Amino acid sequence: MSASRLTRTAAMAATVVATVVATVGVAAGPALAAPARTTGHGSAYALNAAGPVAVPAISAVASTGRKADRSLLSLPKNPLVKASALHTTADRAMARASVADLLVKKLGLSASAVTALCTHGKGSVDLVAARLGKQHLAVSPAPNSAVRAHLGPLGTATVTLNKQVRAADGSLRVTAIEARVPIAGKLETVSVSSVTCGKAAAQPTTPAPQQPPAHQAPAPTPVHHDLPVTG
Amino acid sequence: MHVIRTYGGAFVIVGLVAALTSGCGASAKGTAGEAARTPSAAGPKAAPVSAARLARLPHATTYGTVHGAPADPAPNAPLDGTVVHPARDTPVYDRPGGKPIAVLPAKQLDGPTWVPVIADQGGWRRVLLPSRPDHTSGWLPTDKTQHTATSAYRIAVDRGAHRLTLTEAGRRLGAWTVAVGTAKNPTPAGRTFLLASLSPPKPTYSKLILPLGTHSNSLDSFGGGPGTVALHGWPDKSVFGHDVSHGCVRTPPAALGTLSRVPLGSPVQIT
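Line order of the protein sequences matches chains A and B.
Numbering of the first sequence is given in my numbering, commencing with residue 853 and proceeding in unit increments.
Numbering of the second sequence is given in my numbering, commencing with residue 1471 and proceeding in unit increments.
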């Protein structure tokens, strides 16, 4: 799609986009706009786009207690971004968001998997087979790693990997990939795999009894057994 | 899902409003593209399976073939690390309330069976199977004898870069140059999982073999085995960085040592 076509598209769709995004804003409000808390809150969304082409936050979840979980097999067709297996989960201590088969063709951005994780106010990002043009992107990029992409007549896009923003209350928002793309003079922002969680609670004065980590899968014990495998 | 299209192809995803407000209705068949992981209250009951019928069902092991198993709905998507161990041999169904197609044994390859959970709804868990065909799944009726857990480990194998990366909760524990399959016998791509941890009684090329829940696409059997793909060591370091194996991923000794503590069922993503 050319820049001029995107501009025309945006103009024609502006009213509809504004109306529906406003509606979605109400629906997704609790997930995205909930006031950040110091502890006990996690939220996530898999993908969001704002600008000439608007995509409301996909697979948005939020939780202050029990685990919330949501998946979408694929993103509906649109002129900007392709993705599949959009998955989010959040509880009072953590949030995780992942997408697979990401492709932002205009930007030359692709990845087999993009995952953001936030646990007790600490964040990390995992990128599998991620590329920006011909450039391979790091599997675990440092926080707020900026990469620029030249898009010819469209201008220059800025891609931030592992974007981390700490709020005043200590909560952390981690966005695995945030791309800011100029489209005919207007800015399109695409956010992929974004999570928010509060920082770890202060240690209680009287330590709680030591409990084994809940539901943590055990390390295996090798068994004496032979299996011919494909060497 | 409804998509409003305007002139020029702009789009607005109206159906997502419903998805965002409805609490993500579960869809066992995924017809609307949704696959819920939030358990819903009620679901169809499992048809009882007699001991005689149970004995006739194929075992969902790396040696077995399960006909009628539904395909993994997202074979390239990341797994979330939820794993389950059936404490007893458990029937596998083709859908919630459907027909039994296999038995998932409590043990295989002399170790405990742990498989990844990819959906959880209405008293049923959808799991990836270690049997042939690859990239298939099955439904287990949830029962109290099953142990569920979470693995924070992720193994990523980039075949083109000959790179294996291990992370725990997103933190990189290591990345190593490895050997993968040849063009004729490639290492199969997609998501799979760590199936077992084996210490061969008479090791020839590796003291530790880590079979995966996937098989060679080009070899029905290999060396007397069912063509299982595995992670393992290799004594000659000149192979690392090359396409030389029959499908397995050959790793340096340091990698194998770190990989040895990764829980069974942990996600492995091969690209």
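We put the beta carbon where it would ideally sit given N, CA and C, even for glycine.
Here the structure is a predicted model, which is why all the values come from computation and not from measurement.
Boundaries of the beta strand (DSSP E) around Leu1643 of chain B: 1641-1647.
Straight across, the Cα-Cα distance linking Thr1606 of chain B with Ala1541 of chain B is about 4 Å. In the displayed model, Gly1004 of chain A falls within a helix according to three-state DSSP.
Distance from the CA of Ala1639 of chain B to the CA of Ser1520 of chain B, rounded to the nearest whole angstrom, comes to 42 Å. Under the DSSP definition of a beta bridge, Ile910 of chain A partners with A:Leu899. At the C-beta level, Ala949 of chain A and Ala990 of chain A stay beyond 8 Å of one another. Rounded to whole angstroms, the separation of the alpha carbons of Leu969 of chain A and Thr1532 of chain B is 32 Å. In this chain, the alpha helix (DSSP H) harbouring Thr1728 of chain B covers 1723-1729. Taking 8 Å as the threshold, the shortest C-beta distance from Phe1663 of chain B to chain A does not fall below it. Apart from the 5 residues on each side of it in sequence, Ser992 of chain A has no Cβ closer than 6 Å to any other Cβ in its chain.
For Ser964 of chain A, the chain B residues whose C-beta falls within less than 8 Å of its own C-beta are Asn1546, Gln1739, Thr1741, listed in chain order. Chain A has no Cβ within less than 8 Å of the Cβ of Leu1527 of chain B. Closer than 8 Å to the CB of Pro1072 of chain A there is at least one CB belonging to chain B. For Ala920 of chain A, the enclosing beta strand (DSSP E) covers residues 920-926. The C-beta of Leu1610 of chain B comes no closer than 8 Å to any C-beta of chain A. In the structure shown, the three-state DSSP call for Val1017 of chain A is strand. Legend: CB atoms of the region 1618-1629 of chain B lying less than 7 Å from CB atoms of chain A belong to residues Thr1618, Ala1619, Thr1620, Ser1621, Arg1624, Ala1626, Asp1628.
Per DSSP, reduced to three states, the secondary structure at Arg944 of chain A is coil, with no helix or strand assignment. In the structure shown, Arg1523 of chain B falls within a helical segment according to DSSP collapsed to helix, strand and coil. Under the DSSP definition of a beta bridge, Gly975 of chain A partners with A:Cys970.
Per the DSSP secondary-structure output, Ala1626 of chain B pairs in a beta bridge with B:Thr1635, B:Gln1739. The CB of Ala1639 of chain B comes closer than 8 Å to the CB of Leu969, Thr971, Ser976 in chain A, given here in chain order. For Leu954 of chain A, the closest Cβ of chain B is not nearer than 8 Å. Close to Pro1670 of chain B, with beta-carbon spacing below 7 Å, are these residues of chain A in chain order: Asp1078.
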